[in-house]
Amino acid sequence: MSVGRVRPAVAAMASYQPGKSSAQAEDEHGITDAIKLASNENPYPPVPAVVAAIAAAAGDVNRYGDHRAADLRTAIAGWLEVDVDRVAAGCGSVGLLQQLLLAYVDPGDEVVYPWPSFEAYPIDVQLTGGVEVTVPLVDHTFDLEVVAGAVTDRTKLVLLANPNNPTGTAVHVDQLRRLVEQVPDDVLVVVDEAYREFVTADLGDPIADLQPDHPNVVVLRTFSKAFGLAALRTGYAVAEPSVVVELDKVLIAFAVNHLAQVASLAAIAARDEVQTVVDRITVERDRVVAALRADGWDLPDAHANFVYLPLGSQTDVVFPEMEKRGVVVRPFPGVGMRVTIGTPAQNDRFLATLAEVTAGS
Ligand SMILES: *Cc1c(COP(=O)(O)O)cnc(C)c1O
Numbered sequence: 450m451s452v453g454r455v456r457p458a459v460a461a462m463a464s465y466q467p468g469k470s471s472a473q474a475e476d477e478h479g480i481t482d483a484i485k486l487a488s489n490e491n492p493y494p495p496v497p498a499v500v501a502a503i504a505a506a507a508g509d510v511n512r513y514g515d516h517r518a519a520d521l522r523t524a525i526a527g528w529l530e531v532d533v534d535r536v537a538a539g540c541g542s543v544g545l546l547q548q549l550l551l552a553y554v555d556p557g558d559e560v561v562y563p564w565p566s567f568e569a570y571p572i573d574v575q576l577t578g579g580v581e582v583t584v585p586l587v588d589h590t591f592d593l594e595v596v597a598g599a600v601t602d603r604t605k606l607v608l609l610a611n612p613n614n615p616t617g618t619a620v621h622v623d624q625l626r627r628l629v630e631q632v633p634d635d636v637l638v639v640v641d642e643a644y645r646e647f648v649t650a651d652l653g654d655p656i657a658d659l660q661p662d663h664p665n666v667v668v669l670r671t672f673s674k675a676f677g678l679a680a681l682r683t684g685y686a687v688a689e690p691s692v693v694v695e696l697d698k699v700l701i702a703f704a705v706n707h708l709a710q711v712a713s714l715a716a717i718a719a720r721d722e723v724q725t726v727v728d729r730i731t732v733e734r735d736r737v738v739a740a741l742r743a744d745g746w747d748l749p750d751a752h753a754n755f756v757y758l759p760l761g762s763q764t765d766v767v768f769p770e771m772e773k774r775g776v777v778v779r780p781f782p783g784v785g786m787r788v789t790i791g792t793p794a795q796n797d798r799f800l801a802t803l804a805e806v807t808a809g810s
């Protein structure tokens with residue numbers, strides 16, 4: 450039975466599918482000790498100063514937090530050396546993404562993005578009644594010439610996850626500049642840098658290198674991945690002040706909750722310590738990539754905190770066998786498998802389980 454007259458755009462949508470938890474996999478398969486490498490989370494808890502700040506603020510949650518997260522915006526601006534009116538805070542970077550769509554996309558407007566990419570993009574575009582214009586990846590990375598060519602006078606936004614999720618590939622800021630130069634000034638080019646802190650190659654910085662000349666570039670970042678605060682939901686945007694004004698109009702009241710603000714402020718203060726954790730993860734990433742290549746796997750360079758195995762139809766066989774053995778990764782049916790970098794022991798278990806499951810194939 451369906452009650453109420455749901456909007457056709459919403460009726461046609463699929464729900465966002467989060468990665469399976471280790472507890473769910475254990476229940477389903479009657480196993481113990483499952484590990485979740487499916488949601489690109491940080492395998493380590495937040496640094497102690499951040500945990501302490503959250504604990505100290507727990508007694509304050511009877512009050513609403515600061516709707517605009519003003520102190521957090523000021524701290525981000527100081528950290529990144531940008532004017533504070535260029536910083537927006539949101540409920541995760543997915544919150545800001547939805548705000549961008551709500552503020553800029555009317556039914557029938559086009560949103561251009563490469564595909565496969567982040568699964569939130571089609572959901573948000575469909576929600577607003579926008580038209581999805583997807584550009585296939587070439588060798589698992591963006592073909593930015595084709596992306597530029599897909600922009601029309603109906604295009605409002607271009608969405609680029611850099612590094613891309615799920616493939617882990619990344620483009621240099623000079624390639625982004627060539628794209629931005631080909632796109633009309635009134636099209637927002639959104640660079641979603643959820644994994645920025647894990648990038649060890651010199652790829653430049655769209656805030657310093659692009660925004661001064663191109664006010665239509667919007668950069669999204671998050672405290673969810675490198676800073677280990679996924680459950681608290683803090684994201685931020687750095688953009689031209691007029692974009693920040695529009696984003697703020699569609700920010701749900703108090704969406705950046707008080708504990709998220711306190712934790713994110715403490716994380717900025719402790720960022721040197723956070724960097725040590727990030728370094729541990731990128732060293733592991735490079736070890737896992739080398740081990741997979743030594744085992745004969747063909748995979749794209751990994752610039753974030755995950756690896757991508759383009760297994761094609763083999764995905765649909767390998768993924769369930771891995772899960773039965775307690776290694777929960779993220780399948781893209783018929784296309785490939787994304788595996789989050791965990792602790793060294795978890796990564797060893799992933800490598801051993803993959804080898805076991807694919808032996809002889
Ligand atoms: C994980 C991820 C995000 C999510 O970020 P939140 O800040 O937790 O909402 C955004 N973009 C991409 C590409 C991601 O992979």
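For the sequence shown, my numbering assigns the number 450 to the initial residue and increments by one for each residue that follows. The beta-carbon is built from N, C-alpha and C at its ideal position, and this holds for glycine as well. Since the structure is predicted, the reported quantities are computational estimates derived from the model, not experimental observations.
Residue i, DSSP secondary structure in three states
i: L606; result: strand
i: F781; result: strand
i: M462; result: coil
i: G527; result: helix
i: S470; result: coil
i: P494; result: coil
i: R517; result: coil
i: S451; result: coil
i: P749; result: coil
i: D765; result: helix
i: L652; result: coil
i: I717; result: helix
i: A675; result: coil
i: F703; result: coil
i: A680; result: coil
i: R512; result: coil
i: V711; result: helix
i: V632; result: coil
i: D476; result: helix
i: R843; result: This structure gives no information on residue 843, because the portion of the chain shown stretches from 450 to 810.
i: R522; result: helix
i: R456; result: coil
Alpha helix (DSSP H) segment containing residue i, residue limits
i: L551; result: 541-553
i: R742; result: 720-743
i: L659; result: No alpha helix (DSSP H) holds L659; DSSP gives it neither H nor E.
i: R798; result: 793-807
i: V499; result: 497-506
i: D697; result: 690-698
Whole-angstrom C-beta distance between residue j and residue i, which should lie under 8 Å
i: V632; j: A599; result: Not quite, the Cβ-Cβ distance comes to about 10 Å (not below 8 Å), so this is no contact.
i: N489; j: K674; result: 6 Å
i: A740; j: V499; result: In fact, because the Cβ distance is near 31 Å, the residues do not count as touching under 8 Å.
i: I790; j: C540; result: Incorrect: roughly 26 Å between the Cβ atoms, too far for contact.
i: H589; j: Y465; result: No, H589 and Y465 are not in contact; Cβ-Cβ is about 23 Å, not under 8 Å.
i: P615; j: G785; result: 7 Å
i: E770; j: V723; result: No, E770 and V723 are not in contact; Cβ-Cβ is about 35 Å, not under 8 Å.
For residue i: DSSP bridge partner residues
i: A538; result: Y685
i: L758; result: M786
i: I484; result: V776
Terminal residues of the beta strand (DSSP E) in which residue i lies
i: V640; result: 637-641
i: R670; result: 666-671
Chain D contact for residue i (CB, 8 Å cutoff)
i: V500; result: No chain D is part of this structure, which consists of one protein chain only.
Start-end ranges of the beta strand (DSSP E) lying completely within the segment 555-624, minimum 3 residues
Here the runs fully enclosed are 559-564, 580-585, 604-610.
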